[in-house]
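Structure first, commentary second.
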Amino acid sequence: MSKSNDPRSGYITLRFARTGTDAATLTDFLSELVRTDPRNALPEGDNIPIWDEPLVGVAAAGDPLFETLKKPQVVGPIHVNPDFWLPGAKSIISFFLPFSKELKESYDPKSPLPSLEWVSGRQNGEVFVNVVRRALARYIQKQGGQVVIPNLDVRYHAVNLLPNWSERHVGFIAGVGTFGLHCGLLTAKGTAGRLGSVVTDLEIMPTQRSYSDVYEYCLQHFDGSCGLCIQRCPVGAINTEGKDHRICMTNSANNVWPAFREWGYHSCGHCQTHLPCSDAIPDKILRKNGRSRRS
Ligand code: SF4
Ligand code: SF4
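Residue 295, in this note's numbering, is where the sequence shown stops; the numbers in between run on with no holes.
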C-alpha cells in the first residue's frame with residue numbers, strides 16, 4: 001500500500017475526515033490517534049502500546065465548580081479559572097487515557113516493585129499525552145476555535161505540589177470521573193491512566209456528570225468495603241483520610257528509582273493496578289446506579 005493510501009499515514013488532523021466538536025466526535029478523533037499513531041508504543045521489548053482509547057468530557061468554562069477549586073481543602077488559591085488561559089474561554093475538553101491492557105498485565109501483583117513496562121510507560125507515555133494534547137489543539141483550531149493547552153503553557157506552575165491547573169479536578173468537572181481514596185480519578189475505564197485538557201473559545205455542549213459526589217465511584221466511600229489501595233501501598237502513603245504525596249514520593253526515591261536507575265525510571269503504580277477500580281467503576285457502584293460495565 002502506498003503511503004498516501006495508507007489510512008495510518010499522515011498527521012491525524014489531515015487524515016481524520018470528519019468535522020464537529022461534540023464529545024462523541026472528539027472521542028473518535030482521539031481514539032483514532034491512539035490506535036494508529038506509532039508513537040503510542042513502549043521503546044523497550046515488543047513495543048507494546050502504552051495507551052488504550054480515551055474517555056472525553058467537556059466542561060463549560062463558566063461552571064461554578066471552577067471557583068470551588070480555589071478553596072484550600074480542594075486545590076487552593078493558586079488554581080486559576082479557564083479564562084486565565086484564554087480570555088473569552090467557553091469550554092474545556094478533558095481526556096482520560098487508560099494504560100493499555102498489555103501494560104497493566106505486566107504488573108506483578110505480588111512484587112514490591114512495578115514492572116519495567118509500567119515504569120517505562122508511565123514516563124515515556126507522558127510524551128504521548130502531549131501528542132494527544134497538541135493533536136486536540138490542532139483539531140480545534142481546524143474547527144475555527146482558539147485554544148490553549150494549560151499544562152504546556154509557560155504560565156503553568158506548581159507550588160508545594162499544588163498546580164495552578166489540576167487535570168484531575170478539571171476531569172471531575174468535565175464528567176470524566178470522581179476521586180478515589182488514592183486521590184486518583186476513577187473513571188468508566190478505571191483509574192490506571194493519565195489526564196489532559198485544552199481550553200477553547202468554542203461553545204461545546206458540556207458533558208452531563210453522572211455523579212454528584214466527589215468520591216462517588218470509590219467503594220470505600222460508598223460502604224466502607226474496600227481500602228485495598230491502603231493495603232497495596234508499600235510505604236503507607238494512603239489511609240482512610242486519603243493520600244500523603246510526600247510519603248508517596250519516598251517510595252519513588254528510595255525503592256523504585258534504585259531498582260530502575262539504569263533506565264532512568266521511577267514511577268510506582270501499586271495504587272492504580274490490581275484493584276477493584278483499576279479497569280472500571282466497581283460493579284457494586286454500577287449496580288447501585290442501575291448500570292453495567294456495558295452500558
Ligand atoms: S482501591 Fe478501593 S478504596 Fe481505593 S480508590 Fe479504589 S475503590 Fe476506593
Ligand atoms: S504511587 Fe505507590 S507509593 Fe505512591 S501512594 Fe500509590 S502505591 Fe503508595
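Ideal Cβ placement from N, Cα and C applies to all residues, glycine included. None of these values were measured; they are calculated from a predicted model.
Are the CB atoms of residue j and residue i within a distance shorter than 7 angstroms?
{"i": "proline 98", "j": "glycine 177", "result": "no"}
{"i": "phenylalanine 96", "j": "leucine 33", "result": "no"}
{"i": "leucine 219", "j": "proline 282", "result": "yes"}
{"i": "alanine 280", "j": "glycine 190", "result": "yes"}
{"i": "threonine 200", "j": "glycine 144", "result": "no"}
{"i": "tyrosine 107", "j": "threonine 273", "result": "yes"}
{"i": "asparagine 160", "j": "histidine 79", "result": "no"}
{"i": "glutamate 44", "j": "serine 120", "result": "yes"}
{"i": "valine 301", "j": "tryptophan 85", "result": "The chain is shown only over 1 to 295; residue 301 falls outside these bounds and no answer can be derived."}
{"i": "leucine 162", "j": "valine 256", "result": "no"}
{"i": "leucine 286", "j": "leucine 228", "result": "no"}
{"i": "leucine 185", "j": "glycine 171", "result": "yes"}
{"i": "threonine 25", "j": "arginine 18", "result": "yes"}
{"i": "alanine 253", "j": "aspartate 244", "result": "no"}
Report the option in the options whose CA atom is closest to the CA atom of residue i.
{"i": "asparagine 130", "options": "Asn40, Ile48, Ser212, Leu69", "result": "Asn40"}
{"i": "glutamine 141", "options": "Cys229, Phe84, Val159, Leu202", "result": "Leu202"}
{"i": "cysteine 268", "options": "Ser278, Ala280, Cys248, Leu275", "result": "Cys248"}
{"i": "glutamate 53", "options": "Phe128, Ser111, Val119", "result": "Phe128"}
{"i": "glutamine 73", "options": "Ile92, Thr191, His169", "result": "His169"}
{"i": "lysine 110", "options": "Asp223, Pro234, Asn289", "result": "Pro234"}
{"i": "leucine 14", "options": "Pro276, Tyr217, Arg35, Ala135", "result": "Ala135"}
{"i": "asparagine 251", "options": "Glu241, Thr25, His266, Arg138", "result": "His266"}
{"i": "cysteine 277", "options": "Leu181, Glu262, Arg261", "result": "Leu181"}
{"i": "glutamate 241", "options": "Arg122, Lys284, Cys183", "result": "Cys183"}
{"i": "threonine 21", "options": "Lys284, Ser225, Ile204", "result": "Ile204"}
{"i": "leucine 65", "options": "Val214, Arg133, Arg138, Ser31", "result": "Val214"}
{"i": "leucine 116", "options": "Lys288, Pro258, Arg291", "result": "Pro258"}
{"i": "tryptophan 263", "options": "Val154, Trp118, Gly290", "result": "Trp118"}
{"i": "arginine 122", "options": "Asp46, Gly175, Leu42", "result": "Leu42"}
{"i": "proline 77", "options": "Ala158, Pro87, Pro38", "result": "Ala158"}
{"i": "isoleucine 50", "options": "Ile230, Arg291, Gly125, Glu216", "result": "Gly125"}
{"i": "leucine 216", "options": "Lys284, Val154, Arg246, Ala89", "result": "The sequence given here places glutamate at residue 216; leucine does not occur at that position. Nearest of Lys284, Val154, Arg246, Ala89 to glutamate 216, Cα basis: Lys284."}
{"i": "isoleucine 230", "options": "Asp223, Asn239, Lys71", "result": "Asn239"}
{"i": "alanine 137", "options": "Ser91, Phe179, Arg261", "result": "Ser91"}
{"i": "glycine 289", "options": "Phe222, Thr27, Phe260, Arg261", "result": "As written in the sequence, residue 289 is asparagine, which differs from the glycine given in the question. Comparing Cα positions, the closest option is Phe222."}
Would you please state the rounded distance, in angstroms, between the beta carbons of residue i and residue j? I believe it to be under 8 angstroms.
{"i": "leucine 69", "j": "serine 166", "result": "7 angstroms"}
{"i": "alanine 23", "j": "threonine 207", "result": "6 angstroms"}
{"i": "serine 364", "j": "proline 150", "result": "Since the displayed the chain opens at 1 and closes at 295, residue 364 lies outside it and no answer follows."}
{"i": "arginine 209", "j": "histidine 270", "result": "About 29 angstroms separates the two Cβ atoms, so there is no contact after all."}
{"i": "valine 58", "j": "isoleucine 93", "result": "6 angstroms"}
{"i": "isoleucine 173", "j": "aspartate 63", "result": "6 angstroms"}
{"i": "isoleucine 103", "j": "isoleucine 48", "result": "According to the sequence as given, residue 103 is leucine; it is not isoleucine. Contact holds; Cβ gap of about 6 angstroms."}
{"i": "leucine 30", "j": "valine 132", "result": "6 angstroms"}
In the DSSP output, which residue or residues are listed as bridge partners for residue i?
{"i": "serine 197", "result": "Ser94"}
{"i": "leucine 162", "result": "Val159"}
{"i": "isoleucine 238", "result": "Lys243"}
{"i": "leucine 304", "result": "What is shown of the chain runs 1 to 295, which leaves residue 304 out entirely."}
{"i": "phenylalanine 260", "result": "BP columns for phenylalanine 260 are empty, so no partner."}
{"i": "glycine 190", "result": "Thr187"}
{"i": "glycine 88", "result": "Note: glycine 88 sits in no beta bridge, so no partner."}
{"i": "phenylalanine 179", "result": "Leu185"}
{"i": "valine 148", "result": "Val199"}
{"i": "alanine 60", "result": "Ser91"}
I want to check one thing, is the minimum distance from the CB of residue i to the heavy atoms of ligand 3 below 6 angstroms?
{"i": "valine 127", "result": "Absent from the structure shown: ligand 3. Ligands present: ligand 1 and ligand 2."}
What residues does ligand 1 have around it, judged by CB closer than 6 angstroms to any heavy atom, in chain order?
Those residues are Gly180, Leu181, His182, Cys218, Leu219, Gln220, Cys226, Gly227, Leu228, Cys229, Leu275, Pro276, Cys277, Pro282, given in chain order.
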